[in-house]
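So the protein sequences, as listed, match chains A and B.
Residues in the first sequence are numbered consecutively from 7, following this note's numbering.
Residues in the second sequence are numbered consecutively from 7, following this note's numbering.
Idealized CB from N, CA, C, for every residue including glycine.
Before any comments, here is the structure.
Number of protein chains: 2
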Amino acid sequence: MNTQQPRVVIVGAGFGGLFAARALAGKPVDVLLIDRNNFHTFTPLLYQVATCALDPSEIAYPIRTIFRKDRNIRTLLGNVTAIDYANKCLAVAVGEQTLQERYDYLILATGSVPTYFGQEAFRDNALELRTLSDAVNLRNHILALFEQATWIEDEAIQKAMTTIVVVGGGPTGLETAGAIFELYNHVLNQEYVHRDLSARVVLIEMQPFLLAPYPDKLRQAALEQLRSLGVEVRLGSPVESVAHDHVQLKDGERLETYTLVWAAGVKGSPVAELLDVELKRGNRVPILPTTEVVNRPAIYAVGDMSYLDDEDGNPYPMLIPVAQQQGELAAQNILAEIRGGEKRPFRYHDRGTMSTIGRRRAVAWIYNKIQLRGYIAWLAWLGLHLVTLLGFRNRLSVFLSWVWNYFTYDRSVRIILNQERE
Amino acid sequence: MNTQQPRVVIVGAGFGGLFAARALAGKPVDVLLIDRNNFHTFTPLLYQVATCALDPSEIAYPIRTIFRKDRNIRTLLGNVTAIDYANKCLAVAVGEQTLQERYDYLILATGSVPTYFGQEAFRDNALELRTLSDAVNLRNHILALFEQATWIEDEAIQKAMTTIVVVGGGPTGLETAGAIFELYNHVLNQEYVHRDLSARVVLIEMQPFLLAPYPDKLRQAALEQLRSLGVEVRLGSPVESVAHDHVQLKDGERLETYTLVWAAGVKGSPVAELLDVELKRGNRVPILPTTEVVNRPAIYAVGDMSYLDDEDGNPYPMLIPVAQQQGELAAQNILAEIRGGEKRPFRYHDRGTMSTIGRRRAVAWIYNKIQLRGYIAWLAWLGLHLVTLLGFRNRLSVFLSWVWNYFTYDRSVRIILNQERE
């Protein structure tokens, strides 16, 4: 390793950090990629891990393997605990020790975390779906509740055990609600013949519509498909309070449940706070169009944790393609700076968005022009996600799992796996 | 469900309990199968989960799915906490409640747990490999240590981090030692080019030979294959003491390590103690040749947790085929008793044993006559384990994983997955 080369440290191996590192592979810089996990997570399929359709490893890919041929990229499993921007140095907790890592350029790409809008009681009773551990925990919870529900005599408690409340009408909320409904009513319920254990799944959205960024027709199509599946949808119904055994809506309705999945919103990752700058709405780091952090030379921030207005004065959305394109741009701008070239401003290439609701149900809005719904949108969703998944083996494995699950109505990963030692 | 039918409760869905339940499927009895997990574990492949070759779900199969077509078999996820043999009733903890389950006949098949021969300090510092959770914990531990070792400056600590000690010269010890050696030195090490991180794997056995039940030639073949792979073997070396950072052998040798895998011995499961009978050596329940527990009418015990002498006065070994055959016999004897027929004594059909050591390395002793070693034994091992794995999907999936791992020298499940919420 050439120690004369400028050193670029990237924090976070999500979509932003990964694309930044890839753009720096083989270039005349030394790269250190830091993440708290040893794998990159393909987050769009987390809900399928949570609902027993896929194994965790099928949507996770070891970071070391991604860069095994790139000798200028090293990886470090650790947590960044401090940023000394004056001395261009990071503190990284690795096991029980703390390393001091020097940088010439820093790219922050640590993403986002769920926000409860200041209601900590919501958080204490909610299950999340942002990390692979979240997905496994949700899977364990759902399967364990079903097993208990089969043995409960008290009808009211049994009903509450088979009632699942999902808060948030974005893609994660829709996908999760649809998949849990199918898991309970098309898979688990079929294996319990002695009693009817149909699950009730309720999706709650504060706004009067689902999928806020979509055009009206697709919002409506998503709503109809969800309802045709069997999911109950409450629109314009904010949550008022939450306890371990119920969710109380502002409009007076009370839902007895032991399962609250929180998919209502995210904010910038806590790493944003280490920068000592005034954060924007949603805990996000203000950046220049070059993706450099405002007033923090040599530091770049990309993806969900960063905040940048588009030409119309609206912030760029917290979406994977934005993170990928910003990550790539940050890397290119650093290389330009080293070469003495000119930095480019961010320009978002929006290829559209899609969201799946269940078997043969989805909506897609391609290039913000073509609107698809139902079967064709679902096929487009499947194809896109297979192609963008990292690693040939994962792609093959997910494809085979999907084919299997589709034809057998089975779910392959039906295990409650807790890590406590007995 | 016909409530007039005799009720058979089976505790444990391992190999013994599973074969008992299968033998009772469709018969004029009501069966309740209780296990603390919602899945059956194919334990012979646990070490492959621990060493990143297979996903947990590939060797686990939902109990509910196994019996979904058998209307006389119900399943219960819970822990048996008491046996009231006078009133023929069991206490089962299910979530926060305790159920009382009545039985006419009881089959206990709860297997075995590791034994530390009274040395609790050993247990506190050891990793086990008896359950699926154990396997995931060991995988996390091994991968995390490797990541830390790549960043440690202190050479002595780094050496200790890449030294793995396995105690126990039985099949589990051999398989685990071989697989960890291959994982470190043929997979992980290849992805870290900046420094040599070869792992040292030491297998420790108290006796002067490996694989006690095997004939001498095969013991020798196993030893040679292990050593040719690169594993260090210490024979006739009992462990004297253990701490978090070293293992001290009785012969004076001290091994600096943070990884001690304990595969040195097992004893009957704690459920044996609920029977209030005098237990045999190794905490095992004394049974009659019919597999009925001595002095406990209507209670049967099978597999690892039970103790029965063969014709030569030696106890039957704690092996899967013994558990399977005893489980089946217990079910048949219960049906015979119900019909007023005659109970049969246990007669073990021994088809032999095999043990694998690594890629293309194994020993097999078939029908206690044919001795195989090396490549041919390894192929026999692969074939047998594929065929006996439960569920077509798991079989297909494991087969594909093996083919993939064999040709790519990759390990597919390289993720450190902890379940704590951040």
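What three-state label does DSSP hand residue i in the structure shown?
i, result
"B:E298", "strand"
"B:F45", "strand"
"B:A66", "strand"
"B:D90", "strand"
"B:H252", "strand"
"A:P321", "strand"
"A:D315", "strand"
"A:T263", "coil"
"A:G389", "helix"
"A:Y220", "coil"
"B:S243", "coil"
"A:I479", "Here chain A comprises residues numbered 7 to 428, so residue 479 of chain A is not present and cannot be evaluated."
"A:T394", "helix"
"A:R417", "coil"
"A:V142", "helix"
"A:Y190", "helix"
"B:I344", "helix"
"A:A19", "coil"
"B:E230", "helix"
"B:L60", "coil"
"B:T133", "Residue identity check: residue 133 of chain B is Leu in the sequence provided, not Thr. Reduced to three states, the DSSP call for B:L133 is strand."
Can you say whether residue i is buried or exposed, counting buried as having 16 or more other CB atoms within 10 angstroms of its CB?
i, result
"A:S204", "exposed"
"B:G174", "buried"
"A:D318", "exposed"
"B:P276", "exposed"
"B:N143", "buried"
"A:H200", "exposed"
"A:V409", "exposed"
"A:Q330", "buried"
"B:R44", "Looking at the sequence shown, residue 44 of chain B is not Arg but Asn. Under this definition B:N44 is a buried residue."
"B:H46", "buried"
"A:F123", "exposed"
"B:D202", "exposed"
"B:R233", "exposed"
"B:E259", "exposed"
"A:F413", "exposed"
"B:S382", "Checking the sequence shown, residue 382 of chain B turns out to be Ile, not Ser. Under this definition B:I382 is an exposed residue."
Could you tell me which residues DSSP pairs with residue i in its beta bridges?
i, result
"A:G274", "A:S118"
"A:V472", "Nothing in the structure corresponds to residue 472 of chain A, since chain A is present only between 7 and 428."
"B:N85", "B:A99"
"B:A27", "Its beta-bridge partners do not exist; DSSP assigns none."
"A:K286", "A:R290"
"A:R379", "A:V369"
"B:T169", "B:R206"
"A:R80", "A:L38"
"B:W268", "B:V173"
"A:T104", "A:A99"
"A:V14", "A:V37 and A:Y111"
"A:T359", "A:W371"
"A:E238", "A:V208"
"A:G364", "A:R367"
Would you mind telling me which residues of chain D sit closer than 7 angstroms to residue i, beta carbon to beta carbon, in chain order?
i, result
"B:V419", "Absent here is chain D; the protein component of the structure consists of chains A and B."
Assess contact between the region 26-36 of chain A and the region 324-341 of chain A, defined as three or more Cβ pairs (one per stretch) separated by less than 8 angstroms. Is contact present? yes
Interface positions of the region 46-77 of chain B facing chain A (Cβ-Cβ less than 7 angstroms), listed along the chain: Those residues of the region 46-77 of chain B that come within reach of chain A (Cβ to Cβ, closer than 7 angstroms) are D61, P62, S63, A66, P68, R70, T71, R74 and R77.
If the cut-off is 7 angstroms on Cβ atoms, which residues from the region 146-158 of chain A count as contacting chain B, listed in chain order? L149, E153, Q154 and W157
Cβ contact check for the region 38-46 of chain B and the region 341-354 of chain B: 3 or more pairs under 8 angstroms: Under the Cβ criterion (8 angstroms, minimum of three pairs), the region 38-46 of chain B does not count as touching the region 341-354 of chain B.
Below 8 angstroms, can you find three or more Cβ-Cβ pairs linking the region 216-232 of chain A to the region 260-274 of chain A? Here the region 216-232 of chain A makes no contact with the region 260-274 of chain A; the two share fewer than three CB pairs at distances below 8 angstroms.
Any C-beta of chain A within less than 7 angstroms: which residues of the region 401-417 of chain B qualify? Listed by position, the residues of the region 401-417 of chain B near chain A (Cβ gap below 7 angstroms) are W410.
Examine the Cβ distances between the region 125-145 of chain B and the region 47-61 of chain B and report whether three or more of them are shorter than 8 angstroms. yes
Three CB pairs or more closer than 8 angstroms across the region 288-303 of chain B and the region 144-155 of chain B: no
Where the region 108-122 of chain A meets chain B: residues whose CB sits under 9 angstroms from a CB there: V119
Give me the subset of the region 197-208 of chain B whose CB atoms are less than 9 angstroms from a CB atom of chain A, sorted by chain position. E197, Y198, V199 and H200
Return the residues of the region 20-43 of chain B that lie within a Cβ-Cβ distance of less than 9 angstroms from chain A, sorted by chain order. Listed in sequence order: R42 and N43.
Can we say the region 110-124 of chain A touches the region 302-314 of chain A, given the rule of at least three CB pairs closer than 8 angstroms? Enough Cβ pairs lie closer than 8 angstroms, so yes.
Between the region 92-101 of chain B and the region 188-196 of chain B, can you find at least three pairs of beta-carbon atoms closer than 8 angstroms? no
On the three-pair Cβ rule with 8 angstroms, is the region 62-69 of chain A touching the region 394-401 of chain A? yes
Cβ pair count under 8 angstroms reaching 3, the region 102-114 of chain B against the region 225-244 of chain B: no
Taking one C-beta from the region 177-185 of chain B and one from the region 356-376 of chain B each time, how about it: are there three or more such pairs within less than 8 angstroms? yes
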